[in-house]
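Below is one structure, written out as structure tokens; comments come after it.
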Amino acid sequence: MKDIRKYSRQRILATLSHRQPDRCATYIWIDDEAMKGLMQYMKLSSPEEVEEELGIDKWKSVGVRIEVPDDYRERINTLVPSKYKNDKRYYITDEGRVVKVHENASYLEDTVWYPLGKIKKVRDLDLYPFPQPDWVKLENSLKERIRKYKEEGFVVSGGIAQPFKSAWLLRGMHNVLMDYLINPDLIEEMYERIYSFDTAYCRALVEAGVDMISIVGDLGMQNGLIMSPKIWRKFDKERMRKLLSELKEMNPELKIYMHTDGDVREIIEDLIEIGVDILNPIQPECMDPVEIKKKYGDRLVLHGAVSLQRTLPFGSPEDVKREVRHLIKNCNVNGGFVIGPSNVLFKEIPPENIIAMYKAVY
1 MKDIRKYSRQ
11 RILATLSHRQ
21 PDRCATYIWI
31 DDEAMKGLMQ
41 YMKLSSPEEV
51 EEELGIDKWK
61 SVGVRIEVPD
71 DYRERINTLV
81 PSKYKNDKRY
91 YITDEGRVVK
101 VHENASYLED
111 TVWYPLGKIK
121 KVRDLDLYPF
131 PQPDWVKLEN
141 SLKERIRKYK
151 EEGFVVSGGI
161 AQPFKSAWLL
171 RGMHNVLMDY
181 LINPDLIEEM
191 YERIYSFDTA
201 YCRALVEAGV
211 DMISIVGDLG
221 MQNGLIMSPK
231 IWRKFDKERM
241 RKLLSELKEM
251 NPELKIYMHT
261 DGDVREIIED
271 LIEIGVDILN
281 PIQPECMDPV
291 EIKKKYGDRL
301 VLHGAVSLQR
311 TLPFGSPEDV
321 KREVRHLIKN
331 CNVNGGFVIG
341 PSNVLFKEIP
351 PENIIAMYKA
361 VY
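And the structure:
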């Protein structure tokens with residue numbers, strides 16, 4: 001399907017700018033085990049061959065080098081209780097969480113200990129070695145790689161975790177949600193430290209020449225936001241506005257992509273207001289993509305939308321094709337729609353359904 005992918009970059013950029021593309025833009029989000037199964041089913045030897053065969057548009061993600069101090073890992077390890085350090089049932093993440101190992105569940109994380117889970121006071125944040133802006137090292141080699149990727153037809157992105165996610169990965173979600181209510185000074189200071197690094201990192205990406213900044217982390221559940229809209233607006237909205245405004249001042253053509261699962265309808269207007277251009281994954285079990293398109297489609301790009309809880313795992317290939325065609329007919333109007341799964345494709349999904357999703361596009 002080389003001809004289909006030939007104009008990927010032009011197709012995606014037209015879509016993200018609300019211009020009608022030659023066909024609906026596509027993307028794939030798939031875990032390693034599912035990709036291995038798909039390669040075996042299609043008798044192909046690499047993920048690149050799979051994407052080529054299915055005509056999936058060309059996206060490339062990059063990162064900026066972070067120069068971590070020599071004592072960083074030692075400082076992290078001093079926070080971890082000794083009972084977890086030599087126990088093969090657990091592993092320690094880069095940010096210092098202790099996670100239980102689950103066999104045959106590569107996408108499942110069960111955190112049993114958070115590095116800042118027990119703190120009570122703002123000064124206790126000093127116990128943790130938060131990443132600093134001067135750790136970010138932009139190299140000319142990254143600029144050159146991005147230039148080559150663009151020449152090869154890729155749309156290039158890089159990004160950060162949703163700051164709310166960064167906070168709860170250190171503190172525990174239950175603690176962060178309580179901090180909003182009873183310890184606001186603590187969460188305010190955490191956000192200052194998180195945003196300080198994130199701003200430097202994103203600025204480096206924009207300077208390097210990326211087309212898009214990605215912000216990834218859930219704000220929603222299937223029945224609404226994780227926190228109230230009032231809380232989100234008080235603690236998160238203005239900080240995010242400042243960050244996105246700063247980045248778009250550097251490059252007015254920059255696109256901002258935000259991933260959040262769940263039903264976030266209560267703040268979609270806010271997200272558009274602060275500069276979000278693309279919303280993923282438009283989870284159809286709790287947000288009707290067609291209704292979202294009708295209400296916001298002239299100002300927001302929808303990205304995803306094919307049901308990962310119903311059609312892809314449990315439907316037939318014809319069911320999948322029917323859903324894809326329905327979405328394209330109703331959402332790919334004046335661009336503004338990138339079709340793909342509404343979350344990560346996992347190994348239990350029939351490979352013929354994955355293939356059907358992309359074959360239905362053209």
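Under UniProt numbering, the first residue of the sequence shown is numbered 1, with each subsequent residue one higher.
Quick reminder that beta carbons are idealized off the backbone N, C-alpha and C, glycines included.
Contact set for residue i: own chain, Cβ-Cβ below 7 Å, skip 5 residues either direction
| i | result |
| --- | --- |
| Y72 | P129 |
| K100 | R89, Y90, D110, V112 |
| G159 | I213, S214, I215, V216 |
| G304 | N280, P281, I282, G340, P341, S342 |
| G96 | I76, L79, V80, P115 |
| P284 | A305, S307, S342 |
| P21 | R11, A14, T15, G335 |
Close beta carbons around residue i, own chain, < 6 Å, minus the five adjacent residues each side
| i | result |
| --- | --- |
| K60 | Y149, F154, V156 |
| W168 | V176 |
| W135 | I66, E67 |
Where residue i falls: helix, strand or coil (DSSP)
| i | result |
| --- | --- |
| D110 | strand |
| M287 | coil |
| V338 | strand |
| A161 | strand |
| T93 | coil |
| Y257 | strand |
| N86 | coil |
| L38 | helix |
| residue 364 | It is not possible to answer for residue 364, since the shown part of the chain is limited to 1 through 362. |
| A360 | coil |
| L44 | coil |
Neighbourhood of residue i by C-beta distance below 8 Å, restricted to the same chain and skipping five residues each side
| i | result |
| --- | --- |
| V320 | V306, T311, L312, N353, A356, M357, A360 |
| D298 | H18, N334, G336 |
| K121 | L186 |
| K6 | G153 |
| I256 | M212, I213, I215, L244, L247, K248, G275, V276, D277, I278 |
Residue nearest to residue i in terms of C-alpha spacing, selected from the options
| i | options | result |
| --- | --- | --- |
| G262 | A208, I282, L244, R241 | I282 |
| E67 | L138, E49, T15, L247 | L138 |
| D70 | S45, E246, P131 | P131 |
| T93 | S166, V290, E48, R325 | S166 |
| Q10 | D211, Q40, D218 | D211 |
| P133 | I28, R193, K143 | R193 |
| residue 446 | I226, L345, K242, L254 | This structure does not reach residue 446, given that the chain is present from 1 up to 362, and the question cannot be answered. |
| E291 | R265, R233, L54 | R265 |
| E253 | G224, S46, A34, G209 | G209 |
| Y180 | N251, R233, N86, R23 | R233 |
| R145 | E49, V62, D236 | V62 |
| M178 | S141, I119, V50, M42 | I119 |
C-beta atoms of residue i and residue j nearer than 9 Å
| i | j | result |
| --- | --- | --- |
| G335 | R19 | yes |
| residue 363 | D31 | Because the chain here runs from 1 to 362, residue 363 falls outside it and cannot be looked at. |
| M258 | L271 | yes |
| V64 | L186 | no |
| I182 | P229 | no |
| K38 | P351 | According to the sequence as given, residue 38 is Leu; it is not Lys. Contact flag set, yes. |
Alpha carbon of residue i to alpha carbon of residue j, nearest angstrom
| i | j | result |
| --- | --- | --- |
| residue 378 | L244 | A question about residue 378 goes unanswered here, because the residues of the chain that appear run from 1 up to 362. |
| E207 | R239 | 21 Å |
| R171 | I4 | 46 Å |
| N330 | K293 | 8 Å |
| I328 | G117 | 45 Å |
| Y362 | D198 | 39 Å |
| E188 | I231 | 12 Å |
| K83 | V98 | 11 Å |
| L345 | P289 | 19 Å |
| R322 | Q309 | 16 Å |
| R203 | Y195 | 12 Å |
| I349 | L125 | 43 Å |
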